[in-house]
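To start, the structure itself, in structure tokens.
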Amino acid sequence: MTSACRRSNHPAVANPDAAERDEDEARGLRKIIHVDMDAFFASVEQRDNPELRGRPVAVGGSSGRGVVAAASYEARVFGVRSAMPSVTAKRKCPELIFCKSRFDVYREVSEQIRAIFREHTPHIEPLSLDEAYLDVTEDLQGIGSATRIAEIIRSRIREETQLTASAGVSYNKFLAKLASDQNKPDGLCVIRPGQGAAFVQSLPVRRFHGVGPRGAEKMTRLGIETGADLAAKDIAWLRGHFGSFGDYLYRAARGIDLRPVRANRIRKSIGGERTFHEDIARPDQVRATLEEIIDIVWDRIAQKQARGRTVTLKLKFADFRIATRARSMPRLLADKREFTVAARALLEDELPLPMPIRLMGLTLSSLEQEDAGAQAAEERRSAEQAQLSLL
Ligand code: DCP
Ligand code: CA
Ligand code: CA
432 MTSACRRSNH
442 PAVANPDAAE
452 RDEDEARGLR
462 KIIHVDMDAF
472 FASVEQRDNP
482 ELRGRPVAVG
492 GSSGRGVVAA
502 ASYEARVFGV
512 RSAMPSVTAK
522 RKCPELIFCK
532 SRFDVYREVS
542 EQIRAIFREH
552 TPHIEPLSLD
562 EAYLDVTEDL
572 QGIGSATRIA
582 EIIRSRIREE
592 TQLTASAGVS
602 YNKFLAKLAS
612 DQNKPDGLCV
622 IRPGQGAAFV
632 QSLPVRRFHG
642 VGPRGAEKMT
652 RLGIETGADL
662 AAKDIAWLRG
672 HFGSFGDYLY
682 RAARGIDLRP
692 VRANRIRKSI
702 GGERTFHEDI
712 ARPDQVRATL
722 EEIIDIVWDR
732 IAQKQARGRT
742 VTLKLKFADF
752 RIATRARSMP
762 RLLADKREFT
772 VAARALLEDE
782 LPLPMPIRLM
792 GLTLSSLEQE
802 DAGAQAAEER
812 RSAEQAQLSL
822 L
């Protein structure tokens with residue numbers, strides 16, 4: 432379609448010109464790849480059963496209420512799509528062959544492709560079994576060109592799994608995801624700095640990640656069909672109609688996306704609470720309950736290997752009033768004993784209770800990773816500067 436995105440199925444893509452690359456780096460632009468497997472479940476079934484190759488295949492139940500989970504590209508020619516009732520699919524394509532899903536195999540392939548991603552970067556954000564964002568601004572093998580890395584990954588996936596993947600390369604997640612969809616199946620698309628806004632504005636808004644069919648309908652009602660229509664609206668108008676999603680849309684329409692690739696979503700707190708069948712008030716009962724909650728919550732903390740500085744006790748009284756009491760340490764709590772001491776002290780300060788409680792909860796916050804969060808915010812700010820400089 433647009434000149435921004437040439438089709439390229441060959442591994443031997445030349446590295447982008449070195450001067451151009453240095454310029455991106457000087458601007459502080461990131462290098463993001465989005466990889467997505469082609470007709471994932473259906474391709475796995477075709478791989479494992481040669482009789483299915485080249486034929487229209489649907490993964491899912493063929494019975495009355497079944498739906499199609501995945502359709503092979505041969506089936507798509509007939510209009511068969513994911514989430515379509517199987518009855519409809521059969522009507523559109525009488526030759527359609529139905530296969531049962533085999534999640535253990537899909538999970539295995541998913542693990543194989545993630546291992547390939549890890550050869551290039553630790554910054555991997557999976558969106559589902561068959562796709563992920565990779566930040567290769569600084570790649571582990573020092574290859575330097577995101578386009579080259581995407582081609583290497585695609586050919587490694589083919590080698591290891593006998594399946595094809597498509598990839599999109601750009602300077603943010605939003606554009607990389609649009610790009611991976613552009614030349615499917617077995618395609619690659621690169622959106623270079625300076626091409627993002629024009630690329631986005633040429634597309635129908637239903638292709639934007641996060642818009643969805645309902646969102647697209649609402650936009651049609653508002654007279655918005657393409658990225659260009661969206662770009663014509665000011666931010667106040669977008670916020671008025673879409674709330675905080677309006678901010679995302681405003682930037683997306685200009686090819687700007689500040690979201691970092693997140694290997695693990697940053698957790699702000701970890702905890703648990705319990706609502707009682709009958710309200711409790713007696714100090715011995717309240718203390719015993721606290722001990723149980725300490726055990727449950729500490730298990731979770733240990734499982735996630737979380738470390739934090741703040742312990743918060745939450746009490747909900749019979750009249751539904753909620754009291755929270757927190758205690759912060761100057762350093763990370765070392766172990767369960769310190770957590771217990773803090774929790775008990777918080778409760779003792781509230782005893783005797785002014786009235787019975789219906790709920791008690793405990794959380795640990797000011798977690799270790801929050802510092803990483805502050806760093807990510809800083810990175811976002813400089814990424815915004817860099818992307819704005821393209822406009
Ligand atoms: N899936 C599902 N139900 C849906 C959509 C998808 O069970 N409504 C499953 C089956 C797909 C897999 O998730 O194979 C990946 O979904 P994609 O949306 O990435 O679609 P495909 O990989 O099948 O096709 P494409 O080549 O368009 O990516
Ligand atoms: Ca896919
Ligand atoms: Ca997918």
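My numbering applies: residue 432 is where the sequence shown begins, and numbers increase by one.
Here a beta-carbon is modelled for each residue, glycine too, at the ideal position from N, C-alpha and C.
Assigned exposure category for M650 - 16 Cβ within 10 Å defines buried: As a first step, residue 650 must be located in the sequence shown, where it is residue number 219. Under this definition M650 is a buried residue.
Residues near R545 by beta carbon distance below 8 Å, same chain, minus five either side: As a position in the sequence shown, residue 545 is number 114, starting the count at 1. The answer, listed in chain order, is I555, P557 and A563.
Cβ-heavy atom distance, F471 to ligand 1, below 7 Å: Locating residue 471 in the sequence shown gives position 40, where the first residue counts as 1. Indeed, a heavy atom of ligand 1 lies less than 7 Å from the Cβ.
Every unbroken alpha helix (DSSP H) inside the region 616-656 [4 residues or more]: 627-632 and 643-652
Close Cβ partners of A749 (< 8 Å) along its chain, the five nearest in sequence each way excluded: Residue mapping note: residue 749 aligns to position 318 of the sequence shown, counting from 1. Within the same chain, A749 has close Cβ partners D710, M786, P787, I788 and R789.
Residue(s) in a DSSP beta bridge with L565: For the purposes of this step, residue 565 is taken as residue 134 along the sequence shown, with counting starting at 1. DSSP lists I464 and I555 as partners of L565.
Any 3 or more C-beta pairs closer than 8 Å across the region 564-584 and the region 666-680: no
Nearest-angstrom Cα separation, counted from I732 out to I701: Stepping through the sequence shown from its first residue, residue 701 is reached at position 270. Stepping through the sequence shown from its first residue, residue 732 is reached at position 301. C-alpha separation (whole angstroms): 7 Å.
4 or more residues per run - each alpha helix (DSSP H) lying fully within the region 666-697: 666-673 and 676-683
Any non-hydrogen atom of ligand 1 closer than 7 Å to M760 Cβ: Residue 760 sits at position 329 when you count from the first residue of the sequence shown. The answer is no for M760.
I711, DSSP secondary structure in three states: The residue given as residue 711 occupies position 280 in the sequence shown. Per DSSP, reduced to three states, the secondary structure at I711 is strand.
Meets three-Cβ-pair contact criterion under 8 Å: the region 563-577 and the region 497-507: no
For L744, the three-state DSSP class (helix, strand or coil): Translated into the one-based positions of the sequence shown, residue 744 becomes position 313. Looking at L744 - three-state DSSP - the assignment turns out to be strand.
Reduced DSSP category for E539 - H, G, I as helix; E, B as strand; rest coil: Position 108 of the sequence shown, counting from 1, holds the residue named residue 539. Residue state, collapsed to three classes: helix.
Where I753 sits in the DSSP three-state scheme: Here residue 753 refers to the residue found at position 322 when the sequence shown is read from its first residue. Reduced to three states, the DSSP call for I753 is strand.
Any non-hydrogen atom of ligand 2 within 7 Å of M468 CB: The residue given as residue 468 occupies position 37 in the sequence shown. The answer is yes for M468.
Ligand 1 heavy atom lying under 7 Å from the CB of K615: In the sequence shown, the residue the question calls residue 615 occupies position 184. Yes.
Short Cβ contact (8 Å threshold) for S782 with V728: On the sequence shown, position 351 is the one that residue 782 refers to. On the sequence shown, position 297 is the one that residue 728 refers to. First, the residue type needs correcting, since residue 782 is Leu and not Ser in the sequence shown. Taking 8 Å as the Cβ cut-off, L782 and V728 do not qualify as a contacting pair.
Outcome for A506 when other beta-carbon atoms lying within 10 angstroms are tallied against a minimum of 16: In the sequence shown, counting from the first residue as 1, residue 506 sits at position 75. So A506 counts as buried.
DSSP state of V600 mapped onto helix, strand, coil: In the sequence shown, residue 600 corresponds to position 169, counting from 1. Note: V600 maps to strand in three-state DSSP.
Rounded C-alpha distance that separates G654 from D660: Counting from 1 along the sequence shown, the entry for residue 654 is found at position 223. Counting from 1 along the sequence shown, the entry for residue 660 is found at position 229. In a straight line, the C-alpha of G654 is about 8 Å away from that of D660.
D750 CB to nearest heavy atom of ligand 2 below 7 Å: Start at 1 with the first residue of the sequence shown, and residue 750 comes out as number 319. D750: no, Cβ never under 7 Å from ligand 2.
Simplified DSSP assignment, three categories, for E815: Start at 1 with the first residue of the sequence shown, and residue 815 comes out as number 384. When secondary structure is reduced to three states using DSSP, E815 falls in the helix class.
C-beta contact flag for S759 and S820 at 8 Å: Within the sequence shown, the letter at position 328 stands for residue 759. Within the sequence shown, the letter at position 389 stands for residue 820. No.
Local conformation of E781 per DSSP, three classes: Your numbering for residue 781 matches position 350 in the sequence shown. Correct three-state label for E781: coil.
Check: K597 C-beta below 7 Å from any heavy atom of ligand 3: Along the sequence shown, one-based indexing puts residue 597 at 166. What sits at residue 597 in the sequence shown is Ser, not Lys. No, ligand 3 has no heavy atom inside 7 Å of this Cβ.
Near ligand 2: D612 beta-carbon under 7 Å from a heavy atom: For the purposes of this step, residue 612 is taken as residue 181 along the sequence shown, with counting starting at 1. No, the beta carbon of D612 sits no closer than 7 Å to any heavy atom of ligand 2.
Within 8 Å, strictly: CB atoms of A473 and A489: The count along the sequence shown starts at 1 and reaches residue 473 at position 42. The count along the sequence shown starts at 1 and reaches residue 489 at position 58. Their beta carbons are under 8 Å apart, which means A473 touches A489 by this criterion.
Cα-Cα separation, D467 to T595: Translated into the one-based positions of the sequence shown, residue 467 becomes position 36. Translated into the one-based positions of the sequence shown, residue 595 becomes position 164. In this model, D467 and T595 are separated by some 9 Å (Cα to Cα).
heavy atom of ligand 5 below 7 Å from E542 C-beta: Only ligand 1, ligand 2 and ligand 3 can be found as ligands here, which leaves ligand 5 out of the picture.
Close beta carbons around A712, own chain, < 6 Å, minus the five adjacent residues each side: Position 281 of the sequence shown, counted from the start, is the residue given in the question as residue 712. So the qualifying residues of the chain are L784 and P787.
Of the listed residues A765, L764, G618 and K745, nearest to R756 (C-alpha basis): Position 325 of the sequence shown, counted from the start, is the residue given in the question as residue 756. Checked all of A765, L764, G618 and K745; the closest Cα to R756 is K745.
Assumed close pair D469, D612 - CB separation to whole angstroms, cut-off 8 Å: Locating residue 469 in the sequence shown gives position 38, counting from the first residue. Locating residue 612 in the sequence shown gives position 181, counting from the first residue. 11 Å between Cβ atoms; not a contact.
S559 Cβ short of 7 Å to ligand 3 heavy atom set: The residue labelled residue 559 in the question sits at position 128 within the sequence shown. S559 Cβ: within cutoff of ligand 3.
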